[in-house]
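Asks: Heads up, the sequence shown is in my numbering, so the first residue is 45 and it goes up one at a time.
I'd like to ask some things about the structure below.
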Amino acid sequence: MCGNDPNPTGATKNEVYQAAVAYMGSDEADTNVTWPWLGSGPGSSLPDTCKDCMIQNLTFTWKVPTSLKFASYPFDEQQFTLIFGFGADSNVFSCNELMTASGSLLANLAAKSQLSSILPASDEYILRQDGMSVRHPLISAGGVMVEDTSKCELTVYVKRYYFTVFLKILIPTIIIVYLGLSAAFLSAQEHSGDRAALLGVSILICMVNLDRDHGLGKLMYSTWFDTFNLCQLGLQVLGLLEGYVEHHLARSGREPACIVLNRVWCGSMMLGIYPVVTIALCLIGTAYITTAIILLTVLLPLIIIYATYVFVHRLSAGASLRAKLALQLTNVATTAPEFPGLLKAAFTAYDVDSSGQLDMSELRSLLKAIYSKSQERYLRAMELARAHATASNGELSMVELADVIDQLESTTAAIVVTRPLRGMRERFPVTSLLRSRRVRKVDSEPNMHHHQSRIES
């Protein structure tokens, strides 16, 4: 009785830990003999009996090397081979009937499509299409390969269940990468460090995944999982570089370009580039190479080209709209009927982050456009705007901006009181008046009247 391959490869080990042998009687008249199901022996005239035969029941476990196919996902199609025999002079004549004889357990399981029940209960492996095969192993006899009838070879063809691998390995990696890329939704000017930290943690986790063997042992060459993890790392490094570009734009005063880049990047990466690359990698693993090539060479470049077009178009359209509104505000007086509508449109155009409020840099650009003809009024407007912004976390809403303009106009009207000069206040030098008003704010009322009478004279 033998359960070991005479030519072991690597860590091949077939361990027989329970065996039962029963010798069958040779008396044909003895009706109490339970004949084996293995079929008739050589030279027997009985259809389903065997003279001087032996039946062997084995319970075994095995550890065999895998035959990996790295071109397919999950690329570890394997075959388990068990060779058993009874000695050099025996004849395992029923070997070829293990999958067909009515009394065979394997044949019964095959008829019920339940051969997978002999596989490990972890559901890690499933039978391949060819399932199982039995035959006599081939040996060399005088330079000719012949069957060794003293042994029987049972081969089980299995592969890893793709859903288990996908659920345990790929899904967590995809979630981690998405969390890392979601750092782009943080402000590049205020949270650039947090963005880099989040992407750094995600990259570190992918580096750990790159070092895992996934139950295949230490391999010194690249596998499909290595390619998958390297692509995930590359996309995250690209996100890190994009964050540095945004931070540079924000720090150099080009906030509209920074905001437009962030919006285009978030949409194109999260919904376009990353899903397409990941799906293409999975298709390459499942041997749909043509479809994957189409995705990477056609669809991916189209996404990149479209994202570039959207970035350039939004940036130029926003700049053109702000320049147009600035020109209109320059030529329209603040008391004109159309000024409120232009101010509201300009507020929306200069609010590049769509927050409903203007920060100081956006407010500075808008007020400079409104008071481009009067530097003094622009400075006074900025002073009033800073006072309002200090009370509202450094930002102004549309209503607060209107209050700033009304307060500035009422202040100017209070200083310039005569009718002949009221229509020329756009050309009137108010620098000294504003300075006098700030210095003598605590003066008595007669002094102020005296100051104004000197202005009228």
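All C-beta atoms, glycine included, are put in the ideal place defined by N, C-alpha and C.
#1: Would L279 and Y318 be called neighbours here (beta carbons separated by less than 7 Å)?
#2: Once DSSP output is grouped into helix, strand and coil, what is the label at G47?
#3: Pull the bridge partners of I127 from the DSSP assignment, please.
#4: Between the Cα of K272 and those of L284, K203 and F210, spot the shortest distance and give me the residue it belongs to.
#5: Per DSSP, what kind of secondary structure is R179 in: helix, strand or coil?
#6: Taking one C-beta from the segment 122-138 and one from the segment 182-195 each time, how about it: are there three or more such pairs within less than 8 Å?
#7: Find out if the Cβ-Cβ distance for the pair M143, L150 is shorter than 7 Å.
#8: Are three or more beta carbon pairs between the segment 439-454 and the segment 392-407 nearer than 8 Å?
#9: Could you please give the first and the last residue of the uninterrupted beta strand (DSSP E) stretch that includes V190?
#10: Please confirm if the segment 359-377 is in contact with the segment 406-426, defined as three or more CB-CB distances below 8 Å between the two stretches.
#11: Express the C-alpha separation of I449 and Q401 in angstroms, rounding to a whole number.
#12: Mind checking L286: buried by the 16 CB within 10 Å criterion, or exposed?
#13: If we count the other Cβ atoms within 10 Å of its Cβ and call it buried at 16 or more, is M313 buried or exposed?
#14: What's the C-alpha gap between A383 and L452?
#15: Please go through the same chain and pick out, in chain order, the residues whose beta-carbon is closer than 6 Å to the beta-carbon of V200, but skip the five residues on each side of it.
#16: Restricting to Cα atoms, I'd like to know which of L325, R358 and L346 is closest to R307.
#17: Closer than 6 Å by C-beta to I183: which residues in its own chain qualify, once you throw out the five before and the five after it? Chain order, please.
#18: Residues bridged to Q276 by DSSP?
#19: Can you tell me whether DSSP reads S405 as helix, strand or coil?
#20: Would you mind working out which of V304, P381 and G244 sits nearest V281, comparing C-alpha positions?
#21: From what residue to what residue does the alpha helix (DSSP H) around C326 run?
Replies: So, to answer that:
#1: With respect to the 7 Å criterion, L279 and Y318 are classified as neighbours on the basis of their beta carbons.
#2: At G47 the pLDDT is 37, less than 50, meaning the model places this residue with poor confidence; the figure from the coordinates comes in the next sentence. Looking at G47 - three-state DSSP - the assignment turns out to be coil, as it is neither helix nor strand.
#3: Partner residues in the beta bridge of I127, as assigned by DSSP, are E197.
#4: It is Phe, not Lys, that sits at residue 272 in the sequence shown. Ranking the options by Cα distance to F272, first place goes to F210.
#5: Strand, per DSSP.
#6: The segment 122-138, when compared against the segment 182-195, does touch it at the 8 Å Cβ threshold.
#7: Taking 7 Å as the Cβ cut-off, M143 and L150 qualify as a contacting pair.
#8: With a cut-off of 8 Å, the segment 392-407 and the segment 439-454 count as touching, because enough Cβ pairs lie within range.
#9: Where V190 is concerned, the enclosing beta strand (DSSP E) starts and stops at V188 to E191.
#10: Touching, yes.
#11: Roughly 16 Å separates the two Cα atoms.
#12: Looking at the sequence provided, one finds Glu at residue 286 rather than Leu. Burial check for E286: the Cβ neighbour count within 10 Å reaches 16 or more, so the residue is buried.
#13: Looking at its Cβ environment, which holds 16 or more other Cβ atoms inside 10 Å, M313 is buried.
#14: Note that residue 383 corresponds to Phe in the displayed sequence, not to Ala. Spanning the two alpha carbons is a distance of roughly 15 Å.
#15: Answer for V200: F124 and M176, listed in chain order.
#16: Of the candidates L325, R358 and L346, R358 places its Cα closest to the Cα of R307.
#17: Closer than 6 Å at Cβ, skipping near neighbours: D192.
#18: DSSP lists no partner for Q276.
#19: Reduced to three states, the DSSP call for S405 is helix.
#20: Of V304, P381 and G244, the residue nearest in Cα terms is G244.
#21: Run containing C326: Y318 to G329, per the alpha helix (DSSP H) assignment.
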